[in-house]
Structures are given as C-alpha cells and as structure tokens.
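Participant: Below you will find the structure I want to go over with you.
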Amino acid sequence: MIFSKNEWSKFINVLTNISQTNSDVVIKNGLIRQMNDSGTVIFEIKLDEKINFILQMIKEQLPILKTYITADENEINVERIKCENATTKEEYYQLSISDKDSVIIFTEALEKYLTNKFMDDEKKDKLLNGTVINKIVLKKYLVDRLIISAKSFQSNVAYLNVKDKKCNIIAKSESNTRNAKIVSNIDLDLADGLYNISLSIFEYAWNSDINISFEKGSNDFVYLKINNDENLDTVNLYAIITKEETV
C-alpha cells in the first residue's frame, strides 16, 4: 500500500495515540479493534481497508517510523510479505516499509503471543451490545480540564460520583485530599457509588467536543462510548466503568 506524506503523518498520529496504553497493534482490513494493556478500554478505529499488519512494541518502533516523515513529498510503501523460509508450521510475515531512499523490515509476531489481540464482531457484539442510559456532549475545554486535573493529582483515572440517579464527573487524588468537580448533575440511572474510568479514553488527542454515551450491557456491565463529530465513523472508544465504593 502506498501512503502519501500526509496520509503517513495521520497514520503515525493514530499509532502514537494507541501507544500510550497499548503495547501492540493488530490491523485487519483497515480495522483496529482491541483492548488496551489493562483491559479497561476498547479501541475501535477504521482506517483504509487495504491496511493489514501487526506491529509489536509500538513505542519502540515509532521513532523509526517517524523518520519516514520527511520535508519533501515522499511516498511510503508498506508491504506485508509472507516468509517462505519459516522454520515452523505457523505462517510468519514480514512488514516492509520503504521510500525512494530506504527500507526497513520488521518480522511480525504471531497474534496469539501479543498482549493486544484483535476483537472480532462476535466478541464485540456480545460485550458491547448495550442499552443507552444517557448521552451528553463534553466540551473540549472540559475534557482538557479533566485530564489536567487528574494528572496534577497523580491519577490515571477519572470518576463518576453517582447519588440519587445524578452523576458528577470528577478528578481526585488517591488520598482524597484534592478533588475537582468537572461536570455536575448528569442524569444517570446507576446505583449510588463511585465509579472509575481509565483517563486514557479522554486523552485520545480529541481536537473538538466529544460525544459520550453511557451504556449498560448484560449483568449490569456498564461502559462509556466516546467519539466526536469530526471522526464519528472512524474512531470509537469504549471504557469499562468499575464501581469502587458506596457514596
């Protein structure tokens, strides 16, 4: 597959966002759909359907891939090549990335050995075929405020504080000595309690307001679905909500 300079830059941005919480990435027919390392967020990102490959240890590979973003209008050619001389019965592939000057070769790891595996339609539908409880739009400045507050409190989670079917989105320190109420009085039909959500779902380089859908699956499994109007059909993130304590 041939990438223009602009297309390659956008693709690298996607990998950079994923690499904050995912060790590996599996792309099948242009679709990334996998849990993060901690199993708290599901990434669903639609790219060009011609993209098919596995990239292990994303953070370690990104500096190399970024060197193919050059000042001129270089085209980048990405090929997935079956290894004919594999020493096992399993099929191995090599990933070739090249421009007019250079080429780099990665041997792909087998998906079964990866931390982050592709989630097929059946597993997704079983896990995320929920009922919508409520929908809100969170302004970009409030997203930024939530992230900065949580980080300043040395926290990697955000919280939903639910009481009497009303919810506040907050950030707080582990010791409860510092806290920030970001959004108040959201209608939410959940049991009273404090629920945590991985902060990474808000950190996905959103450049506009985000749409948040509160959804409930079977066995009271609750999650958030997040996207934005600019990428409504290309990026969906799902965050599992975990109850911590009673309010």
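Residue numbers (numbering that gives the first Met the number 0): 0 to 246.
Just so you know, even glycine gets a beta-carbon here, dropped at the ideal spot from N, CA and C.
1. Roughly how many angstroms lie between the CA atoms of I53 and E74, to the nearest whole one?
2. Starting from A170, follow its DSSP beta bridges and name the residues at the other end.
3. Please classify T106: is it buried, with 16 or more other beta-carbons within 10 angstroms of its beta-carbon, or exposed?
4. Rounded to whole angstroms, what's the CA-CA distance from K165 to D188? Just pull it up for me.
5. Within 10 angstroms of its Cβ, does I44 collect 16 or more other Cβ (buried), or is it exposed?
6. Along the chain, where does the alpha helix (DSSP H) containing I57 start, and where does it finish?
7. Should E229 be labelled buried (16 or more other beta-carbon atoms within 10 Å of its own) or exposed?
8. If you drop the 5 nearest sequence neighbours on each side, which residues of the same chain put their C-beta closer than 6 Å to that of K134?
9. Do E6 and N28 count as a contact pair if the criterion is CB distance below 8 Å?
10. Around the Cβ of V246, are there at least 16 other Cβ atoms within 10 angstroms (buried) or fewer (exposed)?
11. When you compare only the Cα positions, how much space is there between Q93 and K81?
12. Are the C-beta of T66 and some C-beta of chain D separated by less than 8 Å?
13. Keeping to the same chain, check which residues put their C-beta closer than 8 Å to that of Q19; ignore five residues upstream and five downstream.
14. Measure from the alpha carbon of L46 to the alpha carbon of each residue in V40, R32, L141, E243, then state which is nearest.
15. Helix, strand or coil for V246 per DSSP?
Facilitator: So, from the listed chains and residues:
1. Between the alpha carbons of I53 and E74 lies a distance of about 21 Å.
2. BP columns for A170 point to A179.
3. By the Cβ neighbour-count rule, T106 is exposed, with fewer than 16 other Cβ atoms within 10 Å of its own.
4. Using only the alpha carbons, I get a separation of about 8 Å.
5. Result: buried.
6. Counting along the chain, the alpha helix (DSSP H) containing I57 begins and ends at 57 to 65.
7. Flag for E229 reads exposed.
8. Taken in chain order, the residues that qualify are S212.
9. Not a contact, by the Cβ cut-off of 8 Å.
10. Confidence at V246 is low in this model, with a pLDDT of 47, below 50, so its placement is unreliable and the value that follows should be read with caution. Around the beta carbon of V246, fewer than 16 other beta carbons sit within 10 angstroms, so the residue counts as exposed.
11. One C-alpha to the other measures close to 6 Å.
12. This model lacks chain D altogether, as it is built from one protein chain only.
13. Here the set comprises S199, E202.
14. Among V40, R32, L141, E243, the Cα nearest to that of L46 is on R32.
15. Low local confidence applies: a pLDDT of 47 at V246 is under 50, so the model's placement there is unreliable, and no value is given.
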